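Inspection log for the structure reproduced underneath, given as structure tokens.
Chains as they are written, first to last, in the numbering used here: chain A, 1 to 406; chain B, 407 to 668.
Below you can see the structure in the form of structure tokens.
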């Protein structure tokens, strides 16, 4: 990419069962709290997994919201409004682009709205549920900047930020609202991942069920929430007096081209995504940082990632403490990377690394990296690498840097 | 709550120029199939696949099967082209509608155990590009784009942004949809269609001379909105240059004739 324009994150709207806003969420994560518990909002008697980090009541959006908008749509609206407010951005500030990461969202809309036998005009243009990018764009019509709705499964949030940065550097927008949010804990989604044997079945001990990198891990626990960010070039942000919360410094993206569901046993392409991000961000081996691992607590995924992190350290000399925050927040699927980036910004602000909860005994396949477990670690931090890997073999890593003090 | 510094002097920002991107049209393919022809097509791809995931390919979503056929036809135009570092961007239209209908009904009747574990892996927005990346051995990013009616042109904005973000060697762009929309509670008799276009990086002054190109750049306010299915016939005919509006009219897509190549 030509030019050397710095990309600033100037606003965040983050919502999770752990709280609203990065202050509340980061405080909880660094204190070792978890929002995982039994599912009570639908009958789980036939489900293998009966636990989740469910959001319950979604904070109201200040915007007029369609009364029949499904929960994911409401959450996206709320996170968007919070992010724009946090950035001090208003429609007259310029051309606002949107890059939104999504999962199987229209399926969730259908499930929550119509139930098993849909009627009406769900598929017709002009139906009550256009794309979420169209819904958002209605709030600031005529801004003439691109909107993109994308999915790379659990890597969607990171891809959204990387494309937003490109959109800014390419000159098509003055600011971009980017990220992902989702209410995943629905009957069908829980059933699918349960039947894939991807979710933990430790139903009698919910707070200790998600165990990234641990010898006793047996799958992830689903979660709700998300985060949207306002991104601007440093030049543009300075011009309107906006302050940076973090610098989006690097990104790397690859595909395994191996299997729709299973991670490849060959880490080449995961390593490549991480290295691209570190190189683009010009991270050096002497700078202190933190790796927020994707590590959802699945046997194959955690082992593969630990091996890739070891390989990156071996190849580049860049190593850093590692933890996964999914035992605190649950796995937000398409929105996971976005919430983890928001937590990462909280870590940069506080110069602290959260612990991987429930990591009692590091599995032999996950050894050889500096795991943060037990309690959070206060330490100087200049950068954070956040990994996200999704179905379809998508890998996307993002590096955030500590912003300049203004 | 706003973090904007209070009392600071607001300076007028410099509006950057929109960076243009241009690609050589390496190959393209169009496929369509009646709903009844999908199952044999799906079997054909699964049976001929020798890599991992052969079993899961038997569950691929209808639009994915037609997309793979469009990609297969496109590759006949450029049989020697390798796609190792290519990106795949695809816009299936509300994929999985019949599968979701069936599984929601099963859930209502028999509970969670009756649900297929393939529903989300095969029927999500990311499923089609993921499957294409596997078939092609493409290790650049693979992304589902849009997915709703009216979002088809988001593929162009995404192609432009991906090209700026990671400069892949090339891009596969794929659109799928149904000729006439239908509700899953009704009959499933409809025609599915797919357009696949492979765009390779323009690396030297001589690359692609004599070939048509596609370029994205600053908006041209005379442009009409872009339509994927019209593009299919224009690519096939290759008679005259054209341009269309994409990305909420923030970008212009241009079909550039060989004699205009410089």
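C-beta: ideal position from N, C-alpha, C; glycine also.
Predicted, not measured: the structure shown is a model, and the values here were computed from it.
Chain-order list of residues whose beta-carbon lies under 6 Å from that of residue i (same chain, five-residue window excluded)
| i | result |
| --- | --- |
| residue 560/B | 551, 552 |
| residue 37/A | 206 |
| residue 502/B | 467, 529 |
| residue 484/B | 432, 433 |
| residue 444/B | 468, 471 |
| residue 378/A | 352 |
Chain-ordered neighbours of residue i on chain A, where CB pairs are closer than 8 Å
| i | result |
| --- | --- |
| residue 537/B | 260, 392 |
| residue 557/B | 131, 133, 134, 149 |
Cβ-Cβ distance between residue i and residue j below 8 Å
| i | j | result |
| --- | --- | --- |
| residue 354/A | residue 295/A | no |
| residue 90/A | residue 459/B | no |
| residue 70/A | residue 58/A | no |
| residue 222/A | residue 193/A | yes |
| residue 404/A | residue 372/A | no |
| residue 52/A | residue 252/A | no |
| residue 506/B | residue 542/B | no |
| residue 293/A | residue 324/A | yes |
| residue 620/B | residue 431/B | yes |
| residue 582/B | residue 607/B | no |
| residue 79/A | residue 15/A | yes |
| residue 94/A | residue 219/A | no |
| residue 557/B | residue 131/A | yes |
| residue 97/A | residue 151/A | no |
Span separating the alpha-carbon of residue i from that of residue j
| i | j | result |
| --- | --- | --- |
| residue 562/B | residue 395/A | 22 Å |
| residue 83/A | residue 147/A | 17 Å |
| residue 409/B | residue 11/A | Bear in mind that a pLDDT of 44 at residue 409/B, under 50, signals an unreliable position, so the number given afterwards is only what the model happens to contain. Their Cα atoms are separated by approximately 8 Å. |
| residue 304/A | residue 282/A | 25 Å |
| residue 154/A | residue 103/A | 8 Å |
| residue 7/A | residue 570/B | 14 Å |
| residue 629/B | residue 652/B | 9 Å |
| residue 22/A | residue 345/A | 8 Å |
| residue 376/A | residue 352/A | 7 Å |
| residue 122/A | residue 554/B | Since pLDDT at residue 122/A reaches only 44, below the 50 mark, its modelled position is unreliable, and the value read off the structure follows with that caveat. Each residue's alpha carbon lies about 10 Å from the other. |
| residue 347/A | residue 386/A | 12 Å |
| residue 47/A | residue 308/A | 33 Å |
| residue 285/A | residue 201/A | 40 Å |
| residue 43/A | residue 622/B | 51 Å |
| residue 357/A | residue 208/A | 8 Å |
| residue 176/A | residue 627/B | 22 Å |
| residue 230/A | residue 663/B | 39 Å |
| residue 476/B | residue 382/A | 47 Å |
Cutoff 7 Å; reference residue i; Cβ partners in own chain excluding five residues on either side
| i | result |
| --- | --- |
| residue 88/A | 242 |
| residue 545/B | 490, 491 |
Own chain, CB closer than 8 Å to residue i, minus 5 neighbours either side, in chain order
| i | result |
| --- | --- |
| residue 640/B | 648, 661 |
| residue 195/A | 48 |
| residue 244/A | 8, 9, 10, 234, 237, 403, 404, 406 |
| residue 255/A | 269, 392, 393, 394, 395 |
| residue 133/A | 98, 100, 147, 148, 149 |
Identity of the residue in the options nearest residue i by Cα
| i | options | result |
| --- | --- | --- |
| residue 34/A | 379/A, 327/A, 356/A, 380/A | 327/A |
| residue 81/A | 144/A, 45/A, 179/A, 173/A | 179/A |
| residue 461/B | 449/B, 468/B, 471/B | 449/B |
| residue 333/A | 512/B, 520/B, 530/B, 429/B | 530/B |
| residue 226/A | 340/A, 318/A, 269/A | 340/A |
| residue 174/A | 276/A, 314/A, 289/A, 92/A | 92/A |
| residue 55/A | 183/A, 208/A, 361/A | 183/A |
| residue 311/A | 288/A, 217/A, 17/A, 269/A | 269/A |
| residue 513/B | 39/A, 187/A, 224/A, 368/A | 187/A |
| residue 156/A | 663/B, 498/B, 524/B, 549/B | 549/B |
| residue 248/A | 134/A, 160/A, 20/A | 160/A |
Chain-ordered neighbours of residue i on chain A, where CB pairs are closer than 7 Å
| i | result |
| --- | --- |
| residue 354/B | Since the displayed chain B opens at 407 and closes at 668, residue 354/B lies outside it and no answer follows. |
| residue 545/B | 254, 255, 257, 269 |
| residue 564/B | 148, 150, 163 |
| residue 523/B | 192, 195, 196 |
Proximal chain A residues relative to residue i, where beta-carbon distance stays under 9 Å
| i | result |
| --- | --- |
| residue 527/B | 153, 192, 196, 260, 261, 391, 392 |
CB contact below 8 Å: residue i versus chain C
| i | result |
| --- | --- |
| residue 144/A | The structure shown has no chain C; the protein chains it does contain are A and B. |
Partners in chain B for residue i, counting only beta-carbon separations shorter than 7 Å
| i | result |
| --- | --- |
| residue 47/A | 518 |
Chain-ordered chain B contacts of residue i [CB-CB under 8 Å]
| i | result |
| --- | --- |
| residue 159/A | 547, 549 |
Contact set between residue i and chain B, taken where Cβ atoms lie within less than 9 Å
| i | result |
| --- | --- |
| residue 59/A | Near residue 59/A there are no residues of chain B at all, since even the closest Cβ is about 13 Å away, more than 9 Å. |
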